[in-house]
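Just add 2 to wherever you are in the sequence shown, counting from 1, and you've got the working numbering. The C-beta atom is built at its ideal place from N, Cα and C for all residues, glycine as well. Worksheet for the structure shown next.
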Amino acid sequence: MRLSGNKVICLVDEEFEDLELWYPIYRVREEGAVVHLVGPEKGRTHTGKYGVPATADLAFDEVDSADYDGILVPGGWAPDKLRRYPQVLRFIREMNEAGKPIGQICHAGWVLISARILQGRQVTSTPGIRDDMENAGATWHDEPVVVDGNLVSSRRPPDLPPYAKAFCDLLAAR
3 MRLSGNKVIC LVDEEFEDLE LWYPIYRVRE EGAVVHLVGP EKGRTHTGKY
53 GVPATADLAF DEVDSADYDG ILVPGGWAPD KLRRYPQVLR FIREMNEAGK
103 PIGQICHAGW VLISARILQG RQVTSTPGIR DDMENAGATW HDEPVVVDGN
153 LVSSRRPPDL PPYAKAFCDL LAAR
């Protein structure tokens, strides 16, 4: 499997978009990578917008981004919570500085905005945060997936197949 030996963080908090969390996790795992759900508290179960649970394997304080090869940020309302944790913003900045793949879909762009890594980048997101993305210095495109260097962005659940494939391709190319 082409991603064997890779480790990926998937951030989690309350009201994540169920498909935007689980679909990429399963896709990355199918390719052989280990994915750890990382949230505010180890063992805490979070509920998605549509009721699907996700339990954090590790807490933010237990994770060193240097030990991981990529990071996934799900959409939904969780990004508005995730962007308030200094550890999350540090993970995003460190992954970006190291050129490691960062996947973001839908409202997950809020986390990247707060990490201040979008200046001059090409992105997409849910159209509802287009202005936020552009005000952060990014050029926004209405496309299913946009890859700019180490950043993979996508709009919404119908775009999950090309988004997850692009993230896996980028991870495999490292």
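The DSSP-derived three-state label of Gly72 is strand.
Within the DSSP bridge table, the entry for Lys9 names Val36 as partners. Of the other Cβ atoms in all chains shown, fewer than 16 fall within 10 Å of the Cβ of Ser6; this residue is therefore exposed. In terms of Cα proximity to Pro159, the closest of Gly151, Phe93, Gly78 is Gly78. Contact holds between the segment 46-64 and the segment 15-25, because three or more Cβ pairs, one in each stretch, are under 8 Å apart. Residue pairing by DSSP places Val154 opposite Gly105, Val149 in a beta bridge.
When secondary structure is reduced to three states using DSSP, Gly111 falls in the helix class. By the neighbour-count definition (other C-beta atoms within 10 Å, threshold 16), Gln121 is an exposed residue. Taking Leu60 as the centre and dropping the five residues before and after it, the same chain places the C-beta of His38, Val40, Lys44 closer than 6 Å to its C-beta, in chain order. A straight-line Cα-Cα distance of about 19 Å links Lys167 and Leu13. Taking C-beta atoms as the reference points, Arg157 and Thr128 count as a pair closer than 8 Å. DSSP places Pro55 outside any alpha helix (DSSP H); the residue lies instead in the beta strand (DSSP E), whose first and last residues are 55-57.
Residue pairing from DSSP places Thr141 in a beta bridge opposite Gln124.
Boundaries of the alpha helix (DSSP H) harbouring Pro164: 162-175, taken from the DSSP string.
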